[in-house]
Amino acid sequence: MISSSSSVTANEVDAEKQQTEFSHAPHWKLVVDRAGVTDAVLNHKYHGHGTPESPYVVEFLPQDSSNPLTYPASKKWAITILQALATLAVAFVSTAYSGGVFEVIHYFGISTTVATLGISLFVFGFAVGPLLWAPLSEFYGRQIIFFISYAGLVAFSAGAAGAQNIETLVILRFFAGAFGASPLTNSGGVIADMFNANERGPASGVFAMAPFLGPSIGPIVGGFLGAAEGWRWIQGLMAIFTGVLWIVCALYVPETYAPFLLRKRAEKLSQITGKVYVSKMDLAMIGGPNQTKAAQIKTALVRPWVLLFQEPIVLLLSIYIAIVYGTLYMLFAAFPIVFQLNRGWGPGIGGLAFCGVAVGMILAVVLLMFDNKRYTRVAAASPGGVAPPEARLPGAIVGSVLLPVGLFWFAWTNGREIHWIVPIIASAVFSAGIVCVFLSLLGYLIDSYTVYAASVLAANAVLRSLFGAAFPLFTSHMYKSLGLHWASSVPAFLALACLPCPFLFYKYGARVRKSCKYAAEAAEVMAQMLKQHKVVDPTHLATVTTREEQQIRGNLARGELMGEGAESRGVLSEDETIVGDEREGKEKVKP
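If you read the sequence shown in my numbering, its first letter stands for residue 504, the second for the next number, and so on.
This is the structure:
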């Protein structure tokens, strides 16, 4: 058995040889073996001497089947579609319940408000779950966290199908939401792990549709199934749908988080050879600021709240996004009132009213994909190839107008005397506005806070989930008290009050960012990178972890450029989506 031995510099022959080294493993082995140690990996000449003082620095080989960036395009797209479906399924489960809400009311003899807790507590789980799954995936990888959490979603959905009282039903729905939230935070990162910034657009567009289409499809399917078989079969379908996806993803989707893969490889190499190996992405933490796992998890829990309440940009835009998100979930309680109680439609046909919402969301995603071409032109014309954050806002400006227009249109045309197609067209208008505002403002927050983007998005996710949980609870009372038209006008007035927000940030955002502590610090990081002629994709930092945020600030404090570990993740999360072109820490260098 040959152990690794190398010096920091290699001669030209060794360098040429290393460029042709190839580590291949069948796909099934990538799924079960996250270290990916092959003969080529074992015999590769790593930098260092294998001692605690000078450990071997582990990185991906030039042609390494374990490196997600080198996956064949077919594999990348298969994994992307599976992750999008897993996310769509969670969003589907959140609202399919509404299709059988009247059956739940009659079966348990409860009020509409109590029955609506089945939606609200599920969405409240979206606020709790990410606070746990996001930091844990940092230490244990995305694969095992998905396997455990999605299994919980399946189990709690199956349990809800057999619930004998309303208390059991809504509590199980809460846990299903909390466990099912992991794809909302981690699936976007999986896409970022596999695609470089210049390849990511189409995959991100496909993924972006999932969390919006799911809630729209849920009431349609739930309505027909609830009318035919009852509410228990709706819960059963949720368990079957998510269970099939859990099995398929567990068997096919490998670990894709590069820092974790290299960490496991370093541990395995150390175990095999008796030498000391360390991941290249972890090396930057040595000698720099360091924390225990418990301390890092604590930081991940605390920092989002600091940013939420100390940064005006984060607070104002998060409230706006939360109102938009709450309005979306309020519709799932309002549509049965408007179309079933008011017009006398059955649950199945009543669910079809959400087709307008689905069409509007799809059109908005397509519109934003075209708008991305404008953004690309702005970025190309900007210093260093990085557009200012305000370049993200035109989509939100359009959406901020569509929202109140569509909502007022819906509010005053949803009476029986007006043809049903008119309010459904209105629902397409405001749902398009919801998507435009939501995605554009998230992009603005990511670009404004770069190294703090993960914490900002965590704060935003918690706040919007709280609004999404609360809004459906007062919907039925609001419609009883105010009537059909004025109750539907309440979210329209809220949207109208928020309308100036994107316009004001488009004009004054640069000044506001300079006066905000964390936004100014993030801008300083970007300025230093541009000064040293590094071209980066700032949206990548949406998925930078707490550990990586710490590393970046430590490097900045020591006068260094952004550390390599911060370049291991990519777009979206979102979320998430969402610096560097290669996970092994290489950067694009501006010509």
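Beta carbons are placed, not taken as given, at the ideal position from N, Cα and C, and that holds for glycine. Since we're looking at a predicted model, the values are computed, not measured.
- Annotation for Phe911: Ala995 place their beta carbon closer than 6 Å to its own, counting only its chain and skipping 5 residues before and after.
- With a cutoff of 8 Å on beta-carbon distance, Met833 and Pro926 are scored as not near each other.
- A contact between stretches requires three or more CB pairs, one per stretch, nearer than 8 Å, and the stretch 949-958 fails this requirement with the stretch 588-605.
- Secondary-structure assignment with DSSP links His550 through a beta bridge to Val560.
- The beta carbon of Ala663 sits closer than 7 Å to those of Leu672, Leu675, Arg676, Ala679, Gln738, all from its chain and outside the five residues before and after it, given in chain order.
- Between Leu765 and Val561 a beta carbon distance of about 5 Å is seen, short of the 8 Å cut, so the two are scored as contacting.
- DSSP links Val781 through a beta bridge to Val560.
- Residue range 604-611 is occupied by the alpha helix (DSSP H) that includes His609.
- In the same chain as Asp785, and ignoring 5 residues on each side of it, the C-beta atoms closer than 8 Å to its own belong to Pro762, Leu765, Arg766, Ala769, Gly1068, in chain order.
- In this model, Ile651 and Arg919 are separated by some 48 Å (Cα to Cα).
- In the structure shown, Ala654 adopts helical secondary structure according to DSSP, grouped into three states.
- Secondary structure of Trp923 (DSSP, three-state): coil.
- Counted as a single uninterrupted DSSP element, the stretch harbouring Ser601 is not any alpha helix (DSSP H), since DSSP gives it neither H nor E.
- In the three-state reduction of the DSSP assignment, Ser614 falls in the coil class, being assigned neither a helical nor a strand state.
- Counting along the chain, Arg766 sits inside the alpha helix (DSSP H) bounded by residues 761-776.
- In the three-state scheme derived from DSSP, where H, G and I count as helix and E and B as strand, Arg703 is classed as helix.
- Taken atom to atom, the span from the alpha-carbon of Ser719 to that of Phe857 is near 6 Å.
- Between Leu819 and the set Gly621, Arg645, Lys783, Cys1001, the nearest pair of CA atoms involves Cys1001.
- For the pair Arg895 and Tyr947, the CB atoms are nearer than the 8 Å cut-off.
- Ser569 sits buried, since 16 or more C-beta atoms from the chains shown fall within 10 Å of its C-beta.
- Distance from the CA of Glu702 to the CA of Ile669, rounded to the nearest whole angstrom, comes to 47 Å.
- Around the beta carbon of Thr554, a 10 Å sphere encloses fewer than 16 other beta carbons of the protein chains shown; the residue is thus reported as exposed.
- Counting other Cβ atoms within 10 Å of its Cβ, Asn546 stays below 16 and is therefore classed as exposed.
- Following the DSSP letters along the chain, one finds Gly986 inside the alpha helix (DSSP H) bounded by residues 978-1001.
- Contact between Gly726 and Gly621 fails: their C-beta atoms lie close to 15 Å from each other, not under 8 Å.
- Its Cα nearest to that of Gln566, the residue Gly539 stands out among Ser577, Trp580, Gly539.
- Per DSSP, Arg895 lies in no alpha helix (DSSP H) segment and is marked neither H nor E.
- Taking C-beta atoms as the reference points, Met864 and Phe715 count as a pair closer than 8 Å.
- In the three-state reduction of the DSSP assignment, Thr541 falls in the coil class.
- Closest by C-alpha distance to Gln586, out of Ser601, Ala661, Leu687, is Leu687.
- It is roughly 12 Å from the alpha-carbon of Tyr653 to the alpha-carbon of Val751.
- Under the three-state reduction of DSSP output, Val868 falls in the helix class.
- Annotated three-state conformation of Glu814 is coil, per DSSP.
- Apart from sequence neighbours up to five positions away, the residues of its chain that approach Pro807 with a beta-carbon distance below 6 Å are Ser958, Ala961, Ala962, ordered along the chain.
- A direct Cα-to-Cα measurement between Leu728 and Ser660 gives close to 16 Å.
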